[in-house]
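S.K.:
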Amino acid sequence: ETRVRLASPGGVRFYFSNPGQGEGWACGWRNLQMLCGAIIHRDEAEIEKKGGRGNGRLFGGSHFVPEISFMQRWLELAWEEGFDPIGAAQLKPIYGTRKWIGSTEAAALLRSFGVHAKIVEFVDKDAQKAEREREAARRVQG
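No gaps in the numbering here: position 90 of the sequence shown is 90 in UniProt numbering, and each next residue is one more.
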């Protein structure tokens, strides 16, 4: 069974960087902040529907999205819990760095909070075929 949900049923929240901070390296972190903000907003709406019972899943139930340096630490905690050991081996330590993150790091962080995060790869069939042909030509050429 496949279910699709709208990430932000209500208001949209934006996360900006100060000039000179995060330029050229923080887009993955900003995307993750936006996603987490949408999840927190959705969770708060669910809690409100239940008469205030329950607490948020993300970031210890703090109900806010932290700045990048704190998110880096949360990702390291996810790695320490065993989420995405390959990514941890490649990127750790990440706290206090300007290392880029991608979908696997975002999924590891979200999964550590109990969010069912699934990574989907969209593949261009023509590009795949062209790459196979180039690889075959390289083998023939020796």
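Just so you know, even glycine gets a beta-carbon here, dropped at the ideal spot from N, CA and C.
Kindly indicate which three-state DSSP category Arg57 falls into: helix, strand or coil?
M.R.: Three-state DSSP puts Arg57 in coil, outside helix and strand.
S.K.: Suppose you measure from the CA of Gly60 to the CA of Gln128; what does that come to, to the nearest Å?
M.R.: So the alpha carbons of these two residues sit roughly 42 Å apart.
S.K.: What's the gap between the Cα of Gly87 and the Cα of Gly96?
M.R.: So the alpha carbons of these two residues sit roughly 17 Å apart.
S.K.: Determine the direct distance from the alpha carbon of Pro66 to that of Ser8, and round the result to whole angstroms.
M.R.: Confidence at Ser8 is low in this model, with a pLDDT of 48, below 50, so the placement of that residue should be treated as unreliable; the coordinate-derived value is given next. The alpha-carbon atoms of Ser8 and Pro66 are separated by roughly 18 Å.
S.K.: When DSSP labels each residue in this structure, what does His116 get in the three-state scheme?
M.R.: His116 falls in the coil class under three-state DSSP.
S.K.: For the segment 128 to 141 and the segment 95 to 115, state whether three or more C-beta atom pairs, one from each stretch, are separated by less than 8 Å.
M.R.: Contact fails: fewer than three Cβ-Cβ distances are below 8 Å.
S.K.: Using DSSP with H/G/I as helix, E/B as strand and the rest coil, what is Lys92?
M.R.: If DSSP states are grouped into helix, strand and coil, Lys92 belongs with coil.
S.K.: Taking the alpha helix (DSSP H) that Gly28 falls in, what are its first and last residues?
M.R.: Start and end: Cys27 to Lys49.
S.K.: Does the Cβ of Leu77 have 16 or more other Cβ atoms within 10 Å, making it buried, or fewer, making it exposed?
M.R.: Exposed is the call here.
S.K.: In this structure, does DSSP put Ser62 in helix, strand or coil?
M.R.: If DSSP states are grouped into helix, strand and coil, Ser62 belongs with coil.
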